[in-house]
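Beneath this line is the structure, given in structure tokens, with notes to follow.
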Amino acid sequence: MSVDRRDPASRIAAHHSTGSGIVRIGYPIGARRVRVVARQQLTPNMLRLTLGGPALAGFHTYQADDHIKIVFADPDGTRRDPVPNAEDALDWPRPLPPTRKYTIRRYDAVAHEIDLDFALHEGGLASTWAVSAKVGDEVTIAGPPGAKAFPHHYDHYVFAVDDTALPAVARWLEEAPADVSAHVVAEVGDAAERAYPLASRDSVSVTWLVREGDSMLAETVRSLRLPAGRTFLFAAGEAGDVKPLRTWGQDHVDALVTGYWKRGIAGLED
Ligand SMILES: Cc1cc2nc3c(=O)[nH]c(=O)nc-3n(C[C@H](O)[C@H](O)[C@H](O)COP(=O)(O)OP(=O)(O)OC[C@H]3O[C@@H](n4cnc5c(N)ncnc54)[C@H](O)[C@@H]3O)c2cc1C
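Going by the numbering used here, the first residue of the sequence shown is number -2, and it counts up by one from there.
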């Protein structure tokens, strides 16, 4: 199926200001070879890598939860990167190379840099790579493919996330209008992760949950007292933890609920 990838910046800006619901808007998709230009340990478990280089000129990202795929080499070191085609999309080799998705926390169009924030954990291909990545190392990124854009004019927003979707919330808080009303419910693996930097706003309250056993994310969201009007729910994190929110408040809540990872599954594809 062909995707309209023309002028995504204007189409997304229009949807943010006057649209309704969730709209898929495609971007021209690139595959870029970039370098690690900086490392910053944001919290004990959240590592920011800044990637940069001339290949990032003309990068497209207009929605706070836009993501790229990091394209890894095969276990024997062979690189099989996707190749841009005439449709402004990518031709992927088969079988697919190993990839992992990360949110574009920041894009600097002048410095040609992006920030990716890695929630570190045991045993992951991407997490292990990030821990050992050195300034100067090369990496291939593919995408972003486009946005699932949602407007900036809901009466209220609820963000229900774990560590992996904190970068999307942090970017949204910086890019949304100053007077937005929102609850952020963030469930993290350790109390020290509450230091992850989020912009503070008068009408935004942040509730931190520290996971001990079963997730309390869905239950906490369900107990929120929502203001009158229409609410938008953005829920992202471990697939089983966010799944109960798919059916929450369907008569007055529009929702984008995404499993970002799944316990026991490597390289979950959503
Ligand atoms: C659209 C999108 C955006 C995302 N943005 C971000 C982001 O900005 N930052 C971020 O950190 N993650 C983000 N994720 C989640 C990330 O892609 C997954 O966590 C991914 O599985 C990590 O890859 P890995 O190679 O480290 O682990 P994998 O090789 O995929 O998994 C190895 C094992 O680790 C487990 N595992 C995977 N992730 C975690 C975790 N976070 N905590 C504990 N155990 C885990 C798996 O269940 C598996 O058992 C995003 C996912 C999506 C779909």
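The beta-carbon is built from N, C-alpha and C at its ideal position, and this holds for glycine as well.
Review point. His249: buried (16+ other C-beta within 10 angstroms of its C-beta) or exposed?
Key: His249 is exposed by the Cβ-count criterion.
Practice item. Could you spell out where the alpha helix (DSSP H) holding Ile9 opens and where it closes? Key: First-last of the alpha helix (DSSP H) with Ile9: Pro5 to Thr15.
Practice item. Take the Cβ of Arg219 as the centre, count every other Cβ of all protein chains shown within 10 Å, and call the residue buried at 16 or more, exposed below. Key: It is exposed - the Cβ of Arg219 has fewer than 16 other Cβ atoms within 10 Å.
Practice item. Mind the definition here: the region 183 to 192 touches the region 88 to 108 only if three or more C-beta pairs lie below 8 Å; say whether that holds. Key: No: fewer than three Cβ pairs fall under 8 Å.
Review point. If Met43 and Tyr257 are in contact, beta carbons under 8 Å, what's the gap, nearest whole angstrom?
Key: That belief does not hold up - the Cβ atoms of Met43 and Tyr257 are roughly 14 Å apart, past 8 Å.
Practice item. Kindly identify the DSSP beta-bridge partner or partners of His109. Key: Partner(s): none; His109 has no beta bridge.
Check your understanding: Relative to ligand 1, is the shortest distance from any of its heavy atoms to the C-beta of His118 smaller than 7 Å?
Key -> Yes; taking the cut-off as 7 Å, the Cβ of His118 has a heavy atom of ligand 1 nearer than that.
Exercise for review: Report the residue from Gly27, Gly264 and Arg32 whose alpha carbon sits nearest the alpha carbon of Lys131.
Suggested key: The shortest Cα separation from Lys131 among Gly27, Gly264 and Arg32 belongs to Arg32.
**Study point:** Ser14 versus Ala232: straight-line alpha-carbon distance, rounded
**Key:** Computed Cα separation, rounded: 21 Å.
Review point. Can at least three beta-carbon pairs, one atom from the region 158 to 175 and one from the region 134 to 143, be found at a separation below 8 Å?
Key: As far as the Cβ criterion goes, the region 158 to 175 does not touch the region 134 to 143, which means the pair count is below three.
Point to revise | Nearest-angstrom Cβ-Cβ length linking Val181 and Phe156, presumed shorter than 8 Å | key: That belief holds up - the Cβ atoms of Val181 and Phe156 are roughly 5 Å apart, short of 8 Å.
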